[in-house]
Amino acid sequence: MKAKILIVDDEHLICKLLTRVLISEGYEVNATTDPEEGLSFLKKQIFDVMVTDLRMGKMDGLDLLVRARKIQPECDVVVMTGFATVETARSALTQGASDFITKPIDIENELKPLLASLISAEAGAKQGLTKASAEVLASDEIDFVGGGDVSSRLLKRVLKVSRANIPVLLQGESGTGKERVASLLHTESSRRNSPFIKLNCAALPDTLLESELFGHARGAFTGATSDRDGLFQAADGGTLLLDEIGEISRGFQAKLLRVLQEGEFHRLGDAKKTVRVDVRVVAATNRDLIQAVRSGDFREDLYYRLNVVPIDIPPLRERAEDIPELIAHFTEKAASRHESQEKLSFSPALIQLLSDYPWPGNIRELENAIESATVLAESEVVELSDLPVAVQEFARAQGVRAPEVGISGAHSGEPTLEDIEMKCILQAMSKTGFNRTRAANLLGVTRRTLSYRIGKYGLDDALEQLQSGENLEALDVPPVVPEGQPRERISA
């Protein structure tokens, strides 16, 4: 199937030229000089890419961009402009443009490769990830495990932004995976074959930070016995991640601003020699930089220079739908790291509990919890007592009973882990059309484990009632053990 491209430009000759060239390249093309007609095309047909001018008489290109994204959010948008500035790029890209090109247009060397890249990447996204992305994810990637809506939107934005050769500001709480996002931005960019260098700015005082980034000349300070290149030179042609950017001093901020503005700097102790570099800077922070600007702790001009395209990385509590897949991922990862350990399993009840837990430490905390359980578990089935105290206390606050970890005070009518687990099993079976293999996959357990628990809890009759149309809440689910007998130890 031919890729479909929409061209919107108030210059008739531009529309005619681009139409002829792109049709000869094998694309299906619609072109118009009227932005309103362009919106009408979008309402009637599905397009892969829209190419639009930034400044038009009837409608501003950014207005068209915003309205087009509402109609077809999956359509890539390329903005053409004769006024290419950082502000122009930031405005277009923050509104959802995939990239921008300057007039006069270099059709052969710029437009054609860009369209081919966008359409190829879109096709790759529809299949999952591009090859480069898949390699990053396969090599210990943790941040994009999960197919929830929040993660999917984040991944799509990262893949789009990676193609634009401009600074990016990653914002998110500690443990959300900002470094991995930066790595993916680099891997998916045209700089992928050049170095990816990272530095934690909070770990060094100003003098060492300046030496680390810009390098130093012999004799610049005590101990500088020879000339040394800095990380900006090491990253030349590639990407430099400046983590914890909000922690650098006002004095050093001015020096960093110059590099971003002019692409050049002086090594510490050598004011005569100017060093020029081509580096894409990705900055990361867990601070509110807008507030830091207001308080005077962070330069406003540096903030806007770094924040050409912001990417907000959501905390784990906002993507709870991914937690079952993350648990499975980290469990497998831990099993491969501890060769003597068998891969552990988690009951549906415990997976539900972990999905409800707020994870203040985000993905890092979850991974550590799974790692801890791998070491502490005395059987192949993880129990609540194998997890960190914070998770156990959360379970107690939720009214979940777990006598083996010393959580007491459960009163009649409080849900137990078994109660939650039975409901999870019934929901999963109903959702998957009562297919035990699919339900087991959904719950993150083996088919054998699922069948065992269905038998253990006596759920066959309840499943038959569900299949006959009974409402889940109306089912009379049998007790796990006869009344008056103590429940067996809870395995989660």
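For the sequence shown, this note's numbering puts the final residue at 492, and the numbers step up evenly by one. Backbone N, C-alpha and C fix where the C-beta goes; we use that ideal spot for every residue, glycine too.
Look at Glu-421 and Arg-453 and say whether their C-beta atoms are less than 8 Å apart. Here residue 421 refers to the residue found at position 421 of the sequence shown. Here residue 453 refers to the residue found at position 453 of the sequence shown. Contact annotation: Glu-421 and Arg-453 have beta-carbon atoms nearer than 8 Å.
Closest to Leu-257 by CA distance: which of Arg-305, Leu-242, Asp-288, Ala-234 is it? Along the sequence shown, one-based indexing puts residue 257 at 257. When only C-alpha atoms are compared, the closest one is Arg-305.
Leaving out five residues before and five after Tyr-27 in sequence, what residues of the same chain have Cβ atoms less than 8 Å from its Cβ? The count along the sequence shown starts at 1 and reaches residue 27 at position 27. Result list for Tyr-27: Lys-2, Ala-3, Lys-4, Ile-5, Leu-115, in chain order.
Taking contact to mean 3 or more Cβ pairs, one atom from each stretch, closer than 8 Å, check whether the segment 33 to 43 and the segment 55 to 75 are in contact. Two segments are said to touch when three or more pairs of C-beta atoms, one from each, lie closer than 8 Å; by this definition the segment 33 to 43 touches the segment 55 to 75.
Please work out which residues of its chain come closer than 6 Å, Cβ to Cβ, to Leu-18, disregarding the five sequence neighbours upstream and downstream, and give them in chain order. Here residue 18 corresponds to residue number 18 of the sequence shown, with the count starting at 1. Hits under 6 Å: Ile-7.
Would you mind working out which of Leu-185, Ala-271, Arg-280, Thr-33 sits nearest Leu-231, comparing C-alpha positions? Position 231 of the sequence shown, counted from the start, is the residue given in the question as residue 231. The option with the nearest alpha carbon to Leu-231 is Arg-280.
If you check the beta carbons only, do Asp-48 and Gly-61 fall under 8 Å apart? Translated into the one-based positions of the sequence shown, residue 48 becomes position 48. Translated into the one-based positions of the sequence shown, residue 61 becomes position 61. No, Cβ-Cβ distance for Asp-48 and Gly-61 is not below 8 Å.
Length of the line joining the Cα atoms of Leu-459 and Arg-180: Mapped onto the sequence shown, residue 459 falls at position 459. Mapped onto the sequence shown, residue 180 falls at position 180. Distance between the alpha carbons of Leu-459 and Arg-180 is about 43 Å.
At 3 residues or longer, and completely inside the segment 216 to 249: list those beta strand (DSSP E) runs for me, N to C. Positions of the beta strand (DSSP E) runs, each at least 3 residues long and wholly inside the segment 216 to 249, are given as 239 to 243 in order along the chain.
Can you tell me whether Ile-197 is buried or exposed, with buried defined as 16 or more other CB within 10 angstroms of its CB? Residue numbering aside, residue 197 sits at position 197 when the sequence shown is read from its first letter. Its Cβ being crowded by 16 or more others within 10 Å, Ile-197 is buried.
When you compare only the Cα positions, how much space is there between Ile-370 and Pro-360? Sequence index remark: in the sequence shown, residue 370 carries index 370 (1-based). Sequence index remark: in the sequence shown, residue 360 carries index 360 (1-based). One C-alpha to the other measures close to 15 Å.
Proximity test, Leu-231 beta-carbon vs the ligand PLP heavy atom, cut-off 7 Å: For the structure depicted, the ligand PLP is absent and the ligand set is empty, with no information on it obtainable.
Here's the rule: buried if 16 or more other CB atoms are within 10 angstroms of the residue's CB, otherwise exposed. What is Arg-191? Reading the sequence shown from its first residue, position 191 is the one you call residue 191. Classification of Arg-191: buried, given that the 10 Å Cβ count is 16 or more.
Give me, in chain order, the residues of the same chain whose beta-carbon lies closer than 7 Å to that of Val-277; leave out the 5 immediate sequence neighbours on both sides. Along the sequence shown, one-based indexing puts residue 277 at 277. Cβ within range, chain order: Phe-232, Gln-233, Asp-236, Gly-263.
Which residue marks the beginning of the beta strand (DSSP E) containing Glu-28, and which one marks its end? For the purposes of this step, residue 28 is taken as the residue at position 28 of the sequence shown. Glu-28: member of the beta strand (DSSP E) spanning 28 to 32, first to last residue.
Can you tell me which of Phe-394, Ile-363, Val-389, His-338 puts its alpha carbon nearest to the alpha carbon of Thr-374? Along the sequence shown, one-based indexing puts residue 374 at 374. Proximity to Thr-374 across Phe-394, Ile-363, Val-389, His-338 peaks at His-338, based on C-alpha coordinates.
Meets three-Cβ-pair contact criterion under 8 Å: the segment 212 to 225 and the segment 170 to 179: Cβ pair count under 8 Å is below three, so no.
Could you give the first and the last residue of the continuous alpha helix (DSSP H) run that contains His-186? By 1-based counting over the sequence shown, the position of residue 186 is 186. Where His-186 is concerned, the enclosing alpha helix (DSSP H) stretches over 178 to 187.
Let's see if you can read the secondary structure: which residues bound the beta strand (DSSP E) around Asp-106? As a first step, residue 106 must be located in the sequence shown, where it is residue number 106. Element bounds for Asp-106: n/a, residue is neither H nor E.
Residue from Lys-43, Met-56, Gln-45 with nearest C-alpha to Glu-11: In the sequence shown, the residue the question calls residue 11 occupies position 11. Residue Met-56 holds the alpha-carbon nearest to the alpha-carbon of Glu-11 among Lys-43, Met-56, Gln-45.
Under 8 Å between the Cβ atoms of Thr-437 and Arg-448? Counting from one through the sequence shown, the residue named residue 437 turns up at place 437. Counting from one through the sequence shown, the residue named residue 448 turns up at place 448. Taking 8 Å as the Cβ cut-off, Thr-437 and Arg-448 do not qualify as a contacting pair.
How would you label Asp-76, buried or exposed, when you count the other beta carbons within 10 angstroms and need 16 or more for buried? The sequence position of residue 76 within the sequence shown is 76, counting from 1. Its Cβ being crowded by 16 or more others within 10 Å, Asp-76 is buried.
Alpha carbon to alpha carbon, what distance is there between Ile-245 and Val-275? Taking the first residue of the sequence shown as 1, we reach residue 275 at position 275. Taking the first residue of the sequence shown as 1, we reach residue 245 at position 245. Each residue's Cα considered, the two are about 22 Å apart.
When you compare the CB positions of Phe-252 and Leu-289, do they come within less than 8 Å of one another, or not? Start at 1 with the first residue of the sequence shown, and residue 252 comes out as number 252. Start at 1 with the first residue of the sequence shown, and residue 289 comes out as number 289. No, the pair does not count as a contact, with Cβ atoms beyond the cut-off.
Please report the distance separating the alpha-carbon of Pro-504 from that of Leu-426. Not covered by the structure: residue 504. The range shown for the chain is 1 to 492.
Val-161 beta carbon less than 8 Å from that of Val-309: Numbered from its first residue, the sequence shown carries residue 309 at position 309. Numbered from its first residue, the sequence shown carries residue 161 at position 161. In this structure, Val-161 lies closer than 8 Å to Val-309 by Cβ.
Cβ of Gln-103 within 8 Å of Cβ of Thr-81? In the sequence shown, residue 103 corresponds to position 103, counting from 1. In the sequence shown, residue 81 corresponds to position 81, counting from 1. The amino acid occupying residue 103 in the given sequence is Lys; Gln does not appear at that position. Yes, the pair counts as a contact, with Cβ atoms nearer than the cut-off.
Closest residue to Gly-177 among Val-158, Ala-164, Phe-298, Asn-193 (Cα-Cα distance): Mapped onto the sequence shown, residue 177 falls at position 177. Nearest neighbour of Gly-177 by Cα position, chosen from Val-158, Ala-164, Phe-298, Asn-193, turns out to be Val-158.
Check whether the Cβ atoms of Ser-211 and Leu-268 lie closer than 8 Å to each other. Within the sequence shown, numbered from 1, the residue matching residue 211 stands at position 211. Within the sequence shown, numbered from 1, the residue matching residue 268 stands at position 268. The Cβ atoms of Ser-211 and Leu-268 sit closer than 8 Å to each other.
Relative to the C-alpha of Glu-25, which residue among Leu-13, Ser-91, Glu-108, Asp-63 is closest? Translated into positions along the sequence shown, residue 25 becomes position 25. Answer by Cα proximity: Glu-108.
Assuming Asp-206 contacts Ser-249 (C-beta within less than 8 Å), just tell me the rounded distance between them. Indexing the sequence shown from 1 puts residue 206 at position 206. Indexing the sequence shown from 1 puts residue 249 at position 249. Indeed, because the Cβ distance is near 5 Å, the residues count as touching under 8 Å.
Under a three-way DSSP split, which group does His-338 fall into? The residue you call residue 338 lines up with position 338 of the sequence shown. If DSSP states are grouped into helix, strand and coil, His-338 belongs with coil.
Looking at Leu-366 and Leu-442, is the spacing between their C-beta atoms short of 8 Å? Residue 442 sits at position 442 when you count from the first residue of the sequence shown. Residue 366 sits at position 366 when you count from the first residue of the sequence shown. Result no, Cβ atoms of Leu-442 and Leu-366 do not sit closer than 8 Å.
CB of Leu-204 within 8 Å of CB of Thr-239, strictly: Taking the first residue of the sequence shown as position 1, residue 204 is located at position 204. Taking the first residue of the sequence shown as position 1, residue 239 is located at position 239. Contact flag unset, no.
Buried versus exposed, by CB contacts within 10 Å (16 or more), Val-389: Counted from its first residue, the sequence shown places residue 389 at position 389. When all chains shown are included, Val-389 counts as exposed.
Which residues bound the alpha helix (DSSP H) around Phe-196? To locate residue 196, count along the sequence shown from 1; it is residue 196. Element bounds for Phe-196: not the alpha helix (DSSP H) but the beta strand (DSSP E), 196 to 200.
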